[in-house]
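Residues 1467 to 1971 in the numbering used here are what the sequence shown spells out, letter by letter.
For every residue, glycine included, the Cβ atom is placed at its ideal position computed from N, Cα and C.
Below is one structure; the comments refer to it alone.
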Amino acid sequence: MSSNHKRPPSALIFIFGGSGDLNHRKLSPALFNLYIDNWMPEKFDIVGISRRPYDDNSYRNHLLNGINKFSRRKDDQNGAWAQFAEHIHYLQMDAENEAEYQKILEIVQQKEQEYGEHPQVIFYLAVAPQLVPGIVSKLGPLNICADTKCTRVVVEKPFGHDLKSALELNKLLASMFDEKQIYRIDHYLGKETVQNILALRFANALFEPIWNRNYIDHIQVTVTETVGVEGRGEFYESSGALRDMVQNHILQLLCMVAMEAPVNFDADEIRNKKVDVLHAIRKISKDQVHNHAVRGQYGAGWLRAEEVPGYRQEKNVAPDSDTETFAAVKFHIDNWRWQDVPFYVRTGKRMNEKETIITIQFKAAPNYAFPPEAADTWRPNRLTISIAPEMDIRLRFQAKRPGQGVSLSPVDMIFSYKDAYTEEEPEAYETLLLDVMEGDATLFMREDQVAAAWRIIMPILEAWTDRPPVDFPNYSPGSWGPEDAEALIARDGRNWVTLPPPHKE
């Protein structure tokens, strides 16, 4: 990457949960990659905060181990690590002890003298959700937090457990920080293909004129994983697929697809358009949830020639758990652009393939001009945006097969990131951390977005709580979820779209 770009102003980054898994796997590798690409400020320091008894050297070695395991760059890049490590420090601290927060203030004052200027002060809360309110309430009174231009706080999802707790958390954050200081992070929005949705829609005259109910039959969002809960049973028991994926990741993807064209790319303008979508989503009444939403839980079985346990056999999961590991919902957006166009979303664990795809299914073109034999293979046009694991965009259209007769078949025109570009795409956290340092909140959720998203799914959560499932577990590992999920879309004469598995050399 070029080194002559504008870098962010000086920054002091405090990471609460500095010895935890998120920092080890994601944050420190992302910051290191930004450093290699010359995106870090000229003057910066990173301070990990935790209770564990590290000193600076042992903490740096701990982080280096994570970079060697999880970074897209698994070597030291010609000595870059040694230079980067000089900027890493460790603060052993009990985050529940208010008196110890003075240590943070002392570090800020010390670095201010070293830098010769007041740096941006960024607090990244890479901690369990239940710890966030306590930390925020102790950070707020520090003098530095009143600086709305230079002090920021980054909060990881989940943003509350339900609407009530989300509103309480937002109220607490607002009492300590200005809204423009709060960065509610959803790493999905940092993915290259997700950001490219806006470019695809609004930088091309080809798509926007037909991006509406006149030409689009329906839209699907699929986010599936082949893994189970991976030791996160305790967290997942209080979450489930609807809270963990639909309320944030999937609704955000839906907003990117459905939003109106922004006047400009100002952060609040983009977020205003997303909130408009959330407000326009038709609320599902509790007594109609069974017609619009399906839940499932995986049982024991075989996946990729490996025997895997059912969800109820996972560590820290109740043996009679009613927590869903699969959720599918049909939404409608009541506005001029999308009236009567269904949006089908689904997510699940222990599924057949790991993929995140958005499918825009267009209405069928009239085929009366072609001979009957051509209609046998007639397929509507389709645009598929693949976000993970492959990053590509596919446009399906009809083409005539070679030969004397008129035989049509669908073909795909594919734009692949790895084939089109030689440079390696940044990880999502690299993009988002750089945005925090630059003060760009475009890809972060605002208070009203969080509340609106919770209001959409609360009737489903309440209906499911009132009526416990009687058929769990109801899908096998390696399947595409419970049969009811197929029925949800089949009732409308449609089917779920999946991509062929990626070709392996």
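Residue i in three-state terms, based on DSSP
i: P1966; result: coil
i: T1614; result: coil
i: A1956; result: helix
i: D1567; result: The question names Asp, but residue 1567 in the sequence shown is Tyr. In this structure, Y1567 counts as helix in the three-state DSSP scheme.
i: P1876; result: strand
i: Q1686; result: strand
i: T1888; result: coil
i: M1903; result: helix
i: P1624; result: coil
i: A1592; result: coil
i: K1577; result: helix
i: Q1549; result: helix
i: Q1915; result: helix
i: F1910; result: coil
i: F1643; result: coil
i: F1668; result: helix
i: E1971; result: Low confidence applies to E1971: its pLDDT is 43, below 50, so where it sits in the model is not reliable, and the reading given next is rough at best. DSSP places E1971 in coil when its eight states are reduced to three.
i: F1731; result: coil
i: F1836; result: coil
i: F1701; result: helix
i: N1961; result: coil
i: R1518; result: coil
i: E1572; result: helix
i: M1722; result: helix
i: G1606; result: coil
i: G1582; result: coil
i: G1600; result: helix
i: A1951; result: helix
Per DSSP, the bridge partner or partners of residue i
i: I1736; result: Answer is none; I1736 lacks a bridge partner.
i: A1852; result: Before going on, a small fix: residue 1852 reads as Ser here, not Ala. Answer by DSSP bridge pairing, in chain order: I1823, D1858.
i: S1537; result: Answer is none; S1537 lacks a bridge partner.
i: Y1654; result: DSSP, once it has assigned bridges, lists no residue as partnering Y1654.
i: Y1810; result: Q1686, K1796
i: I1648; result: V1619
i: H1555; result: V1513
i: Y1941; result: Y1764
i: M1817; result: S1945
i: K1637; result: DSSP lists no partner for K1637.
i: F1881; result: I1859
i: V1587; result: L1478, T1617
i: Q1864; result: P1876
i: F1828; result: I1682
Whether residue i touches residue j by CB criterion (8 Å)
i: I1851; j: I1663; result: yes
i: A1759; j: V1795; result: yes
i: L1639; j: V1602; result: yes
i: D1644; j: T1690; result: no
i: V1774; j: G1694; result: yes
i: Y1941; j: F1792; result: yes
i: M1725; j: K1749; result: no
i: L1719; j: I1824; result: yes
i: L1619; j: Q1647; result: Note that residue 1619 is Val in the sequence shown, not Leu. Against a cut-off of 8 Å, the Cβ pair of Q1647 and V1619 comes out as a contact.
i: E1890; j: R1538; result: yes
i: R1698; j: R1912; result: no
i: Q1864; j: P1876; result: yes
i: T1888; j: A1733; result: no
i: M1642; j: G1606; result: yes
i: P1939; j: Q1763; result: yes
i: Y1895; j: D1858; result: no
i: V1712; j: T1813; result: yes
i: P1599; j: S1705; result: no
i: C1721; j: V1743; result: yes
i: L1861; j: M1879; result: yes
i: I1651; j: F1910; result: yes
i: L1557; j: V1513; result: yes
i: A1632; j: H1745; result: no
i: R1526; j: W1505; result: no
i: I1853; j: T1692; result: no
i: L1708; j: E1780; result: no
i: D1683; j: P1832; result: no
At 4 residues or longer, what runs of the alpha helix (DSSP H) sit wholly inside the region 1468–1514?
1494–1502
Check whether the region 1578–1592 and the region 1474–1487 are in contact - that is, three or more C-beta pairs closer than 8 Å.
yes
Using 8 Å as the Cβ pair cut-off and three pairs as the minimum, do the region 1923–1942 and the region 1493–1513 touch?
no
Check whether the region 1756–1770 touches the region 1800–1820, taking contact to mean three or more Cβ pairs, one atom from each stretch, closer than 8 Å.
yes
At which residue ranges does the region 1733–1795 contain complete alpha helix (DSSP H) runs of 4 or more residues, listed in the order of the chain?
1733–1746, 1755–1758
Below 8 Å, can you find three or more Cβ-Cβ pairs linking the region 1951–1966 to the region 1801–1813?
yes
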